[in-house]
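Right, one structure below, let's go through it.
In the numbering used here, the protein residues as written are 857 to 1259.
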């Protein structure tokens, strides 16, 4: 993992996707590596590993302690002290967001885990920075400039969130960290090498989390294509529950999405290519609507609930959605500059052990992931997600909390 995260060492050792697959066979995972003797014995028992790959795996095992020290938890706090977030450079993940209600009661309003280890080993992508291309790519392939690219398939016959080791499963470098003041912030950096998870070209990626205003959370994502054209579509995958992360479902939350159109999907959640109107459908959330009022009328890949991309009205940086919890009074406006937003109501969440002893269940949170359209690489009528060499992908989000 350390070698993959460093440009110089990647160039020196010329690591290939094949070698990573072989390491997967012996179940080498960051922070939970077996002992060298167990690893060697398991490899010999299977009898099919290349010697070079085995040496690579042992090298990874010997460096895990150093890697562990590179991962940390970082807090940003406003001057008043009643609004704060915690993030980790494992997956550039948003771990907690603590905001007050009208009575001054503070609550953590994002689902997650108590420790970094929980995010490493958990089955959900709570709060993660997802990329290089978020959402689904049909059949794990696309054609760019006449060349076909084949990706790792991890969602049936399709690729979801860039495969098994997207940006949410790597260690980012902390570039800047200002924990307090008028506008505290932290910036993470990741170098994505040419061929990572099957994508073409090397990419420099930055994400900044910043607090500003009374209760504003800004997320800025930038990615520069260094040597080849490549698709880029980054999202933050926070699960929101404004009543508090451990307060049950969000069916009573009120939601408004500023979109008159959406992208219908087939039975395996791949867009059909149509951009349809929401009028007369359960997806019409143009006016403030209880999340649970129509949830039984929509299906997200075999589970009842929302899991759909909306084509946000307007261009540039504009309001995308509004969410409010009537019980606590907490609310947020979401602003962004992307063409789409994915609404997901945690349809598949079940018995997930989270922070402070909470056990998260279906509909325990909702995601609003501003984004390029899913599978845009295979639909020329969708807004392009291709970044040319020297080009810069930019994605800005703003959560304006109130009570």
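We put the beta carbon where it would ideally sit given N, CA and C, even for glycine.
Report buried or exposed for residue 964, applying the criterion of at least 16 other Cβ atoms within 10 angstroms of its Cβ.
Under this definition residue 964 is a buried residue.
What would DSSP say about residue 961, mapped onto helix, strand or coil?
Correct three-state label for residue 961: coil.
Report yes or no: is there a C-beta of chain C within less than 8 Å of the C-beta of residue 1044?
The structure shown has no chain C; it contains just one protein chain.
Per DSSP, residue 1072 forms a beta bridge with which residues?
Answer is 1068 and 1256.
May I have the straight-line CA-CA distance separating residue 1038 from residue 1066, to the nearest angstrom?
Looking at the two C-alpha atoms, the distance is approximately 10 Å.
Looking at the unbroken alpha helix (DSSP H) that takes in residue 1263, where does it start and where does it end?
Nothing can be reported for residue 1263: it is not among the residues displayed for the chain, which extend from 857 to 1259.
Please state whether the Cβ-Cβ distance between residue 950 and residue 940 is less than 8 Å.
Against a cut-off of 8 Å, the Cβ pair of residue 940 and residue 950 comes out as no contact.
Is it right to say residue 1025 is buried, meaning 16 or more other beta carbons lie within 10 angstroms of its own, or is it exposed?
That one is buried.
According to DSSP, is residue 1248 helix, strand or coil?
Note: residue 1248 maps to strand in three-state DSSP.
Got a sec? Which residues, its chain only, sit under 8 Å from residue 1083 by beta carbon, not counting five neighbours each side?
1050, 1057, 1058 and 1245, listed in sequence order.
How should residue 1001 be labelled, buried or exposed, when 16 other C-beta atoms within 10 angstroms of its C-beta is the threshold for buried?
Answer is exposed; the Cβ neighbour count stays below 16.
Fully enclosed by the segment 1154 to 1232, which beta strand (DSSP E) runs are 3 residues long or longer?
The segment 1154 to 1232 contains these whole beta strand (DSSP E) runs: 1163 to 1167, 1174 to 1180, 1187 to 1192, 1196 to 1200 and 1223 to 1227.
Taking the DSSP output, what are the residues bridged to residue 940?
According to DSSP, residue 940 bridges with 933 and 954.
Determine the extent of the beta strand (DSSP E) in which residue 1004 is found, giving its start and end residues.
Note, residue 1004: beta strand (DSSP E), 1003 to 1006.
So, is residue 1034 buried or exposed, given that buried needs 16 or more other C-beta atoms within 10 angstroms?
Label assigned to residue 1034: exposed.
Tell me, please, which residues DSSP counts as bridged to residue 993.
In the DSSP output, where bridge partners are listed per residue, residue 993 has 1015.
Looking only at its own chain, which residues have a Cβ that is under 6 Å from the Cβ of residue 862, when we skip the five neighbours before and after it?
With a pLDDT of 44 at residue 862, under the threshold of 50, the modelled position of this residue cannot be trusted, and the question is left open.
Which residues bound the alpha helix (DSSP H) around residue 972?
Looking at the DSSP string, the run of the alpha helix (DSSP H) that includes residue 972 is 972 to 977.
Mapping DSSP to helix, strand and coil, what is residue 1031?
Strand, per DSSP.
Nearest by alpha-carbon distance to residue 970: which of 1031, 942 and 1017 is it?
With distances taken between Cα atoms, residue 970 lies closest to 942.
So does the segment 1212 to 1221 actually touch the segment 1094 to 1108, counting three or more Cβ pairs closer than 8 Å?
Enough Cβ pairs lie closer than 8 Å, so yes.
Since I believe residue 1196 is in contact with residue 1166 (beta carbons under 8 Å), could you give me their beta-carbon distance rounded to a whole number of angstroms?
The pair is a contact, with the Cβ atoms about 6 Å apart (cut-off 8 Å).
What does DSSP give as the partner residues of residue 1132 in its beta bridges?
DSSP lists 1118 as partners of residue 1132.
When DSSP builds the beta bridges, which residues end up paired with residue 1060?
Partner(s): 1047 and 1080.
Which class does residue 1237 belong to by DSSP, given the choice of helix, strand or coil?
Three-state DSSP puts residue 1237 in coil, outside helix and strand.
Using the Cα positions of residue 961 and residue 1099, report the straight-line distance between them to the nearest angstrom.
Spanning the two alpha carbons is a distance of roughly 11 Å.
Would residue 1237 be called buried (16 or more neighbouring beta carbons within 10 Å of its own) or exposed?
Exposed, by the Cβ-count rule.
Taking residue 1113 as part of the beta strand (DSSP E), name the residues at either end of that continuous run.
Where residue 1113 is concerned, the enclosing beta strand (DSSP E) stretches over 1110 to 1113.
Measuring CB to CB, does residue 1126 end up less than 8 Å from residue 1060?
Going by C-beta atoms, residue 1126 is not nearer than 8 Å to residue 1060.
For residue 1199 versus residue 1113, is the C-beta distance shorter than 8 Å?
It is a contact, given that the beta carbons lie within the stated cut-off.
Do residue 944 and residue 975 have their C-beta atoms within less than 8 Å of each other?
Closer than 8 Å, so yes.
In this structure, does DSSP put residue 1151 in helix, strand or coil?
Three-state result, residue 1151: helix.
Cα separation between residue 825 and residue 1136?
Residue coverage of the chain in this structure runs from 857 to 1259, which leaves residue 825 outside it and unanswerable.
Pull the bridge partners of residue 1055 from the DSSP assignment, please.
The partner list for residue 1055 (beta bridge, DSSP) is empty, contrary to what the question assumes.
Could you check which residue in 1207, 934, 1170 and 987 has the C-alpha nearest to that of residue 1116?
Per the Cα distances, 1170.
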